[in-house]
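Student: Dumping the structure here so I can ask a few things about it.
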């Protein structure tokens, strides 16, 4: 017995003298079997997310699609990391959907530390062919895999009794619903705000919570010349954002009901909306293509017009090919009377803002649970507020609504 104790002590002392930290291990979030394309294509990339433990000694992280060449994979060196990488060791692989073959794909991830120790992980991504039909209702209580009803773009998410919740609040936690060919629709979603983080990074601005309309993914380059990065962090163009936006460093104060343009960092505030933590609120948003600028646009209640300064010099400096879209937003306490008017209506005229795309639930430095979601295509009946019927997330009608009951295929 004494001899065993001496040997054990010697082993521990030897390990301590080497000074080696624990080995790194790769943890892929959201399952080792994932899917894309089952509900159409929401964006050009599939995002494989996760983290590497004990990443202080990590010197290399890379991934491989099937038998293709290995690709370098960026990981956060500090906490918080840069933009989309929330904490030390986090990674987010932008995997082009077009590089995936139909059916089964094997994605290998490999981490190497400064001591030459290697950690490997493999994930299966099934590339399917499908379409996201409208109207649609997501009832989270009937869902076991969030990516059976949408696509996780950023962050670690989990299902709770309240719905889809951010596991770790950080920069732009994004969940996409729909596909790139969606155009005009109305979305209703419940939000339960658990916490608003007291600090944000220099590039984050204030906290935010809401919906990005006509979202189609992040970009390198684009009309704003975003730098090339992995993961990409070019966040525009999109259609527009309707959300609650807090003043940076003042998360204890009431947020603004804000419109955020899809072509530049241009925001309009339409009044404060006091919130209570752990209370549930209901958001309704709409995006509607207009053939021409309505003459009465500036006369609508809570309405304004924003226009991008884009010109075509080959056409005598006249603005051409400008997409015109009306965006609408309102929010109220769930189970209270539904407001008869929108909190704001903004007509956006823009060459670069997207004219098609799905919607993205976005939590920007906010701990939130997104409740049931209803998306309805716009018709002649739904575009007129005076004739619109308020359909709540729980009012699913199997004759007119596609319900996702579990792992839809």
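Numbering (the numbering used here), first residue to last: 16 to 424. For each residue, glycine too, the CB sits at the ideal point set by N, CA and C. The structure presented is a predicted model; accordingly, all values stated were derived computationally and were not measured.
Taking C-beta to C-beta, are residue 308 and residue 344 nearer than 8 Å?
Tutor: As a position in the chain shown, residue 308 is number 293, starting the count at 1. As a position in the chain shown, residue 344 is number 329, starting the count at 1. Contact flag unset, no.
Student: Spatial neighbours of residue 191 within its chain, please: CB distance less than 7 Å, with the 5 preceding and 5 following residues excluded, ordered by chain position.
Tutor: The residue you call residue 191 lines up with position 176 of the chain shown. Cβ neighbours of residue 191 beyond the five flanking positions: 57, 58, 165, 166, 168, 230, 373 and 375.
Student: Assess, as a yes-or-no matter, whether the stretch 39-58 is touched by the stretch 179-195 under the definition of 3 or more beta carbon pairs within less than 8 Å.
Tutor: Touching, yes, given that three or more Cβ pairs across the two stretches are closer than 8 Å.
Student: Is it the case that the stretch 246-253 contacts the stretch 261-272, given that we only count it when at least three CB pairs across the two stretches are under 8 Å?
Tutor: The answer is no - the stretch 246-253 does not touch the stretch 261-272, with fewer than three Cβ pairs under 8 Å.
Student: How many Å lie between residue 152 and residue 71 at the Cα?
Tutor: Within the chain shown, numbered from 1, the residue matching residue 152 stands at position 137. Within the chain shown, numbered from 1, the residue matching residue 71 stands at position 56. C-alpha separation (whole angstroms): 43 Å.
Student: Which residue wins for smallest C-alpha separation from residue 322, given the options 385, 358 and 254?
Tutor: Indexing the chain shown from 1 puts residue 322 at position 307. Closest by alpha carbon: 254.
Student: Residue ranges of each beta strand (DSSP E) run of no fewer than 3 residues wholly in the stretch 158-187, ordered along the chain?
Tutor: Listed in chain order, the complete beta strand (DSSP E) runs (minimum 3 residues) inside the stretch 158-187 are 172-175 and 178-181.
Student: Is the beta carbon of residue 148 closer than 8 Å to that of residue 106?
Tutor: Working through the chain shown from its first residue, we reach residue 106 at position 91. Working through the chain shown from its first residue, we reach residue 148 at position 133. Not closer than 8 Å, so no.
Student: What residues in its chain sit with their C-beta under 8 Å from that of residue 259, if we drop five residues either side in the sequence?
Tutor: Within the chain shown, the letter at position 244 stands for residue 259. Answer for residue 259: 223, 224, 225, 270, 271, 272, 273, 288, 290 and 346, listed in chain order.
Student: Give me the Cα-Cα distance between residue 120 and residue 88, rounded to the nearest whole angstrom.
Tutor: The residue given as residue 120 occupies position 105 in the chain shown. The residue given as residue 88 occupies position 73 in the chain shown. Their Cα atoms are separated by approximately 18 Å.
Student: By DSSP's criteria, residue 2 is part of a beta bridge. Which residues make up the other side?
Tutor: There is no way to answer for residue 2, as the model of the chain reaches only from 16 to 424.
Student: On the criterion of 16 or more Cβ atoms from any shown chain inside 10 Å, does residue 103 qualify as buried, or is it exposed?
Tutor: Your numbering for residue 103 matches position 88 in the chain shown. By the 10 Å Cβ count, residue 103 comes out buried.
Student: Does any CB atom of chain B fall closer than 8 Å to the CB of residue 54?
Tutor: Going by chain labels, chain B is absent from the structure shown, which holds only one protein chain.
Student: Closest to residue 383 by CA distance: which of 64, 177 and 90 is it?
Tutor: Against the chain shown, residue 383 aligns to sequence position 368. Of 64, 177 and 90, the residue nearest in Cα terms is 177.
Student: Looking only at C-alpha atoms, which of 283, 186, 276 and 293 sits nearest to residue 217?
Tutor: For the purposes of this step, residue 217 is taken as the residue at position 202 of the chain shown. With distances taken between Cα atoms, residue 217 lies closest to 186.
Student: Considering just the uninterrupted stretch of the beta strand (DSSP E) at residue 261, what are its terminal residues?
Tutor: Sequence index remark: in the chain shown, residue 261 carries index 246 (1-based). Element bounds for residue 261: n/a, residue is neither H nor E.
Student: The beta strand (DSSP E) spanning residue 297 covers which residue range?
Tutor: What you label residue 297 is simply residue 282 of the chain shown in a count that begins at 1. That run of the beta strand (DSSP E) goes 295-304.
Student: Determine the burial state of residue 214: buried for a count of at least 16 other Cβ atoms within 10 Å of its Cβ, exposed for fewer.
Tutor: Counting from 1 along the chain shown, the entry for residue 214 is found at position 199. Residue 214 comes out exposed.
Student: For residue 175, collect the residues of the same chain with a Cβ closer than 7 Å to its Cβ; drop the 5 residues on either side in sequence, then sort them by chain order.
Tutor: The residue labelled residue 175 in the question sits at position 160 within the chain shown. Excluding sequence neighbours, residue 175 sits near 384.
Student: Which of the three DSSP states is assigned to residue 382 in this structure?
Tutor: For this step, residue 382 is matched to residue 367 along the chain shown. Strand, per DSSP.
Student: Leaving out five residues before and five after residue 227 in sequence, what residues of the same chain have Cβ atoms less than 7 Å from its Cβ?
Tutor: Within the chain shown, numbered from 1, the residue matching residue 227 stands at position 212. So the qualifying residues of the chain are 253, 256, 374, 375 and 377.
Student: Return the first residue and the last residue of the beta strand (DSSP E) that residue 122 is part of.
Tutor: Locating residue 122 in the chain shown gives position 107, where the first residue counts as 1. First-last of the beta strand (DSSP E) with residue 122: 118-128.
Student: Please report the straight-line C-alpha distance between residue 201 and residue 118, rounded to a whole angstrom.
Tutor: Counting from 1 along the chain shown, the entry for residue 201 is found at position 186. Counting from 1 along the chain shown, the entry for residue 118 is found at position 103. Answer to the nearest angstrom: the Cα atoms are 33 Å apart.
Student: Opposite residue 66 in the DSSP bridges: which residues?
Tutor: Within the chain shown, the letter at position 51 stands for residue 66. Paired residue(s): 42 and 105.
Student: Can you tell me whether residue 353 is buried or exposed, with buried defined as 16 or more other CB within 10 angstroms of its CB?
Tutor: The count along the chain shown starts at 1 and reaches residue 353 at position 338. Burial call: exposed.
Student: Going straight from the alpha carbon of residue 206 to that of residue 297, what length do you get?
Tutor: As a position in the chain shown, residue 206 is number 191, starting the count at 1. As a position in the chain shown, residue 297 is number 282, starting the count at 1. Their Cα atoms are separated by approximately 6 Å.
Student: Using C-beta distances below 6 Å, list every residue in its chain close to residue 41, excluding the 5 sequence neighbours before and after it, in chain order.
Tutor: Start at 1 with the first residue of the chain shown, and residue 41 comes out as number 26. Contacts found: 67, 124, 126, 134 and 136.
Student: Classify residue 243 as helix, strand or coil using the three-state DSSP reduction.
Tutor: Sequence index remark: in the chain shown, residue 243 carries index 228 (1-based). Note: residue 243 maps to coil in three-state DSSP.
Student: Which value, in whole angstroms, describes the spacing of the CA atoms of residue 78 and residue 90?
Tutor: Within the chain shown, numbered from 1, the residue matching residue 78 stands at position 63. Within the chain shown, numbered from 1, the residue matching residue 90 stands at position 75. Residue 78 and residue 90: Cα-Cα distance of roughly 12 Å.
Student: Identify which residue in 212, 196, 122 and 280 has its Cα closest to the Cα of residue 146.
Tutor: Taking the first residue of the chain shown as position 1, residue 146 is located at position 131. Residue 196 is the option with its Cα nearest to residue 146.
Student: If we call anything under 8 Å between Cβ atoms a contact, is residue 233 one with residue 162?
Tutor: Along the chain shown, read from residue 1 onward, the residue named residue 233 stands at position 218. Along the chain shown, read from residue 1 onward, the residue named residue 162 stands at position 147. Their beta carbons are not under 8 Å apart, which means residue 233 does not touch residue 162 by this criterion.
Student: Name the two residues that bound the continuous beta strand (DSSP E) containing residue 278.
Tutor: Within the chain shown, numbered from 1, the residue matching residue 278 stands at position 263. Counting along the chain, residue 278 falls outside any beta strand (DSSP E), and DSSP gives it neither H nor E.
Student: Are the beta-carbon atoms belonging to residue 294 and residue 338 less than 8 Å from one another?
Tutor: Within the chain shown, the letter at position 279 stands for residue 294. Within the chain shown, the letter at position 323 stands for residue 338. Contact flag unset, no.
Student: Would you kindly work out how many angstroms separate the C-alpha atoms of residue 240 and residue 279, rounded to a whole number?
Tutor: The count along the chain shown starts at 1 and reaches residue 240 at position 225. The count along the chain shown starts at 1 and reaches residue 279 at position 264. When rounded, the distance between both Cα atoms is 12 Å.
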